[in-house]
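Undergrad: Sharing a structure here in structure tokens format.
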DNA sequence: TACCGCAGAGAAAGCCCTTTCCCGCAGGGA
DNA sequence: TCCCTGCGGGAAAGGGCTTTCTCTGCGGTA
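Chains as they are written, first to last, in our numbering: chain A, 5 to 361; chain B, 5 to 361.
Next up, the structure:
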């Protein structure tokens, strides 16, 4: 690789001058020299060594992001928001997938710190795990002590800046909707119980049911991976035990899609025989059939806010922004069937024909 | 931030020794010193400066990846394959989204080169753009000249290692399937015409139709963005002009999903009144309703192959691996309706009821 | 004419590590 | 007892760039 001194030598100038030309320094350089440098750069196909640059200007510019998985639509949307603000400010993003592994999360904090990022953003659920939480907090505190800025999205265990979707109210909205439609036998397809997101959403849901004089026994909750297959599997387990369920709440949209797949395979018509509610309103939710009724979270906006917090002027006290959840009525939630499952085969618009998968 | 010499001073050793302890050097260090260093590291919360490390060991380890958009399922799958191999070999990936902007692609090549990546992988369609292609090739050649390795996925304009999905045959399979089902009035919802992926798939499709004595006039092709909304919009334009279409081929699954949305909104039953074919077989394809009939590409495997090529021993000549496309029959493609659209309303299993969106 | 000031260029001091090279010392063989 | 070997440790040389500081030479003013 050609180096700066190669360029300087070729142009017959000092490395200092070459550097100034290449970086558009404020220090003036005569046109003659400037052109010679530029010519040398082109001829040698010179590209500055980023590590050397980053080392020399002890300039923190990039921002580190830790998510569970960018290819999960939930995080893809959040990341879109993060990107938007970062790009506007000419910042590079370093994005790391923890795949919901706490240890990996810890490692990435160090990695990003080592890369001298100006700020760190952690997105995704927190864990019900004292030891881990303390460890993470220590690491974040150490980072902040050296001038780094930290924001978290959707996890309350850290004391810095935070953007919180209102998971609890979201769960509450889902519960109220279902009660309003007359459902009593409601099953829940939940994410891992160690995630705060799971328990928050569940808590809101439970509150709504309790207020309406209904119950949510543990026996009607199934915990599984927070993805499509987890949802499909949990739904199957739920139905095996409780065939008379008239509604299923999935704690995120991916699981809801899995739930729909299972229901379709079993020939249960949605929403005529059984209703389904999702959570998040990721883009695909409107394109499944029937279109998914779900609780919408302003995902892109969450990213925008978090990045703005972290790149904005440091406030004296850590700020917490709570973003509201909102129910989006589409086609998977309907009134509780009048009759029991026994007669459901004759329900109007039953769509056994779809269950070819 | 604490530096290595801070640690060394605190432990009462030289920076050299501290470095050896921290990096687990092969050079032996007595236990006494080792412990003192480790203690100092813990107390100071020391994290090595990655840039300094990378500069000092002129060690190329990371691999650069340029894709159109990781959050697009097509690239998410490919990236999954890339990651798998990279992780196995302890390599870090630097992933950049070009968002189908050629200039940004060029910039990222330089950026990654500057970051001293060991290899570069470009995934996604190439462009029908002579000037750009030449520029890109120059940059890649310059990079290769300094010992970098390059592989491309799904773009043939570069002469290095390549992994090519067989887009043309995929298009051919789609065309043959539709002909077999008796369709003659076939519309195409295509991606941007500047992309080689678009034209390759189109060419295969056209060949199949021609072989069967059918035609594919330009008037039955609509070019739009390669995403859901592009597909929805193109489908609408197509139907406005040609209401008697009995089949639509979308040139990727995202567009197919958009097409399904438009058809549903217009109350056209799939596949009873109109058939739809997708392309790629991304994971969501089986979860839309009706489940999408599509041309499967081994996306994860494409990533695996490309990374293996680039990290494997350098072959004397650039290698090209062509991966086969395969038709996956699900529920969106059916036989051409016997009657014209006028009587289609009485087709069995018509599902007007779904069009509530 | 003598001096001051400033523009434009270069020398050199870091930035923080890794790694080679070298040194001192202890132990073993002659 | 002397020399050689080898081990554990430190000194120092980069790695490629930025940036401060210094120097030269020119134009302008008194």
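We put the CB at the ideal spot given by N, CA and C, even for glycine.
1. With DSSP collapsed to three states, give me the class of residue 78(A).
2. Give every residue of the same chain whose Cβ lies closer than 6 Å to the Cβ of residue 165(A), excluding the five residues on either side of it in the sequence, and list them in chain order.
3. Please list the partners that residue 114(A) has in chain B, where partner means a Cβ-to-Cβ separation under 7 Å.
4. Thinking C-alpha only, which one of 196(B), 100(B) and 131(B) is nearest residue 70(B)?
5. Please work out which residues of its chain come closer than 7 Å, Cβ to Cβ, to residue 120(B), disregarding the five sequence neighbours upstream and downstream, and give them in chain order.
6. Counting only runs of 3+ residues fully inside the segment 269-343 of chain B, write out the beta strand (DSSP E) ranges in chain order.
7. How is the beta strand (DSSP E) around residue 227(B) delimited, first residue to last?
8. I believe residue 234(A) touches residue 84(A) by the beta-carbon criterion, under 8 Å. Please report the beta-carbon distance rounded to the nearest angstrom.
9. Can you give me the start and stop residues for the beta strand (DSSP E) that residue 191(A) sits inside?
10. Skipping 5 residues on each side, what residues in its chain have a beta carbon closer than 6 Å to that of residue 207(B)?
11. Taking only runs that begin and end inside the segment 8-44 of chain B, name each unbroken alpha helix (DSSP H) of 4 or more residues, in chain order.
12. Pull up the CB-CB distance for residue 263(B) and residue 245(B), whole angstroms please, since I reckon it's below 8 Å.
13. Please go through the same chain and pick out, in chain order, the residues whose beta-carbon is closer than 8 Å to the beta-carbon of residue 251(A), but skip the five residues on each side of it.
14. So which of 163(B), 81(B) and 201(B) has the shortest CA-CA distance to residue 131(B)?
15. Is residue 128(B) near residue 159(B), with beta carbons less than 8 Å apart?
16. With burial defined as no fewer than 16 other Cβ atoms inside 10 Å of the residue's Cβ, what is the status of residue 257(B): buried or exposed?
17. Could you give the DSSP three-state label for residue 247(B): helix, strand or coil?
18. Would you say residue 281(A) lies against chain B (beta-carbon separation less than 8 Å)?
19. With a cut-off of 8 Å, does the C-beta of residue 118(B) fall near any C-beta of chain A?
20. Residue range of the beta strand (DSSP E) that residue 101(B) falls in?
21. Tell me whether residue 121(B) sits in a helix, a strand or coil according to DSSP, three-state version.
22. Can you confirm whether residue 59(A), when its beta carbon is compared against all beta carbons of chain B, has any partner nearer than 8 Å?
23. Is the beta carbon of residue 78(B) closer than 8 Å to that of residue 284(B)?
24. Any C-beta of chain B sitting closer than 8 Å to the C-beta of residue 231(A)?
25. Of all the residues that make up the segment 142-154 of chain B, which are near chain A by a beta-carbon distance shorter than 7 Å?
26. When the Cα of residue 303(B) is compared with those of 35(B), 16(B), 82(B) and 31(B), which residue comes out closest?
27. Between residue 91(A) and the rest of its own chain, which residues show a CB-CB distance below 6 Å, the 5 nearest in sequence each way excluded?
28. How would you write the range of the alpha helix (DSSP H) that residue 205(B) sits in, first residue to last?
29. Quick one: using the 10 Å Cβ neighbour count with 16 as the cut-off for buried, is residue 87(A) buried or exposed?
30. Determine the direct distance from the alpha carbon of residue 111(A) to that of residue 22(B), and round the result to whole angstroms.
31. Let's test the definition: count the other Cβ atoms within 10 Å of the Cβ of residue 93(A) and tell me whether it reaches 16, buried, or not, exposed.
32. Nearest-angstrom Cα distance between residue 353(B) and residue 292(B)?
33. Examine chain A for any beta-carbon lying closer than 8 Å to the beta-carbon of residue 74(B), and answer yes or no.
34. Can you grab the Cα-Cα spacing for the pair residue 335(A) / residue 205(A), in whole Å?
35. Alpha carbon to alpha carbon, how far is residue 236(B) from residue 221(A)?
36. 8 Å is my cut-off, CB to CB: does residue 288(B) come that close to chain A?
TA: The structure says:
1. Stepping through the first chain from its first residue, residue 78(A) is reached at position 74. Note: residue 78(A) maps to helix in three-state DSSP.
2. Residue 165(A) sits at position 161 when you count from the first residue of the first chain. Within the same chain, residue 165(A) has close Cβ partners 155, 313, 322 and 323.
3. For the purposes of this step, residue 114(A) is taken as the residue at position 110 of the first chain. In chain order: 51.
4. Translated into the one-based positions of the second chain, residue 70(B) becomes position 66. The option with the nearest alpha carbon to residue 70(B) is 100(B).
5. Within the second chain, residue 120(B) is the residue found at index 116, counting from 1. Within the same chain, residue 120(B) has close Cβ partners 58 and 64.
6. 279-281, 298-300, 324-327 and 330-332
7. For the purposes of this step, residue 227(B) is taken as residue 223 along the second chain, with counting starting at 1. First-last of the beta strand (DSSP E) with residue 227(B): 225-227.
8. As a working note, residue 234(A) is residue 230 in the first chain. As a working note, residue 84(A) is residue 80 in the first chain. About 24 Å; that fails the 8 Å criterion.
9. Here residue 191(A) refers to the residue found at position 187 of the first chain. Start and end: 190-194.
10. The sequence position of residue 207(B) within the second chain is 203, counting from 1. 172.
11. 8-15 and 19-27
12. Your numbering for residue 263(B) matches position 259 in the second chain. Your numbering for residue 245(B) matches position 241 in the second chain. Not a contact, Cβ separation roughly 15 Å.
13. Locating residue 251(A) in the first chain gives position 247, where the first residue counts as 1. If we look at residue 251(A) and ignore the five residues flanking it on each side, its Cβ neighbours are 182, 185, 187, 189, 190, 191, 278, 279, 280, 281, 337 and 340.
14. Your numbering for residue 131(B) matches position 127 in the second chain. The residue with the shortest Cα to Cα distance from residue 131(B) is 201(B).
15. By one-based count along the second chain, residue 128(B) stands at place 124. By one-based count along the second chain, residue 159(B) stands at place 155. Contact flag set, yes.
16. By 1-based counting over the second chain, the position of residue 257(B) is 253. Flag for residue 257(B) reads buried.
17. In the second chain, counting from the first residue as 1, residue 247(B) sits at position 243. Coil, per DSSP.
18. Within the first chain, residue 281(A) is the residue found at index 277, counting from 1. For residue 281(A), the answer is no, since every Cβ of chain B falls outside 8 Å of its Cβ.
19. Taking the second chain and counting its residues from 1, the one referred to as residue 118(B) is at position 114. It does: the Cβ of residue 118(B) has a partner Cβ on chain A nearer than 8 Å.
20. Looking up residue 101(B) in the second chain gives position 97. From DSSP, the beta strand (DSSP E) with residue 101(B) extends over 97-101.
21. On the second chain, position 117 is the one that residue 121(B) refers to. Three-state DSSP puts residue 121(B) in coil, outside helix and strand.
22. Sequence index remark: in the first chain, residue 59(A) carries index 55 (1-based). Chain B contact via Cβ: present.
23. Position 280 of the second chain, counted from the start, is the residue given in the question as residue 284(B). Position 74 of the second chain, counted from the start, is the residue given in the question as residue 78(B). Taking 8 Å as the Cβ cut-off, residue 284(B) and residue 78(B) qualify as a contacting pair.
24. One-based indexing of the first chain puts residue 231(A) at position 227. So no, residue 231(A) is outside the interface.
25. 146 and 150
26. On the second chain, position 299 is the one that residue 303(B) refers to. When only C-alpha atoms are compared, the closest one is 82(B).
27. Counted from its first residue, the first chain places residue 91(A) at position 87. Correct list: empty, nothing qualifies.
28. Numbered from 1 along the second chain, position 201 holds the residue referred to as residue 205(B). Where residue 205(B) is concerned, the enclosing alpha helix (DSSP H) stretches over 200-215.
29. Numbered from 1 along the first chain, position 83 holds the residue referred to as residue 87(A). Looking at its Cβ environment, which holds 16 or more other Cβ atoms inside 10 Å, residue 87(A) is buried.
30. To locate residue 22(B), count along the second chain from 1; it is residue 18. To locate residue 111(A), count along the first chain from 1; it is residue 107. Cα to Cα, the separation comes out at about 21 Å.
31. As a position in the first chain, residue 93(A) is number 89, starting the count at 1. Result: exposed.
32. The residue you call residue 353(B) lines up with position 349 of the second chain. The residue you call residue 292(B) lines up with position 288 of the second chain. With a pLDDT of 39 at residue 353(B), under the threshold of 50, the modelled position of this residue cannot be trusted; read the value that follows with caution. If I take the Cα positions, the gap works out to 17 Å.
33. Translated into positions along the second chain, residue 74(B) becomes position 70. Interface residue, yes.
34. As a first step, residue 335(A) must be located in the first chain, where it is residue number 331. As a first step, residue 205(A) must be located in the first chain, where it is residue number 201. The alpha-carbon atoms of residue 335(A) and residue 205(A) are separated by roughly 22 Å.
35. In the second chain, residue 236(B) corresponds to position 232, counting from 1. In the first chain, residue 221(A) corresponds to position 217, counting from 1. Using only the alpha carbons, I get a separation of about 43 Å.
36. Along the second chain, read from residue 1 onward, the residue named residue 288(B) stands at position 284. Yes, residue 288(B) counts as interfacial toward chain A.
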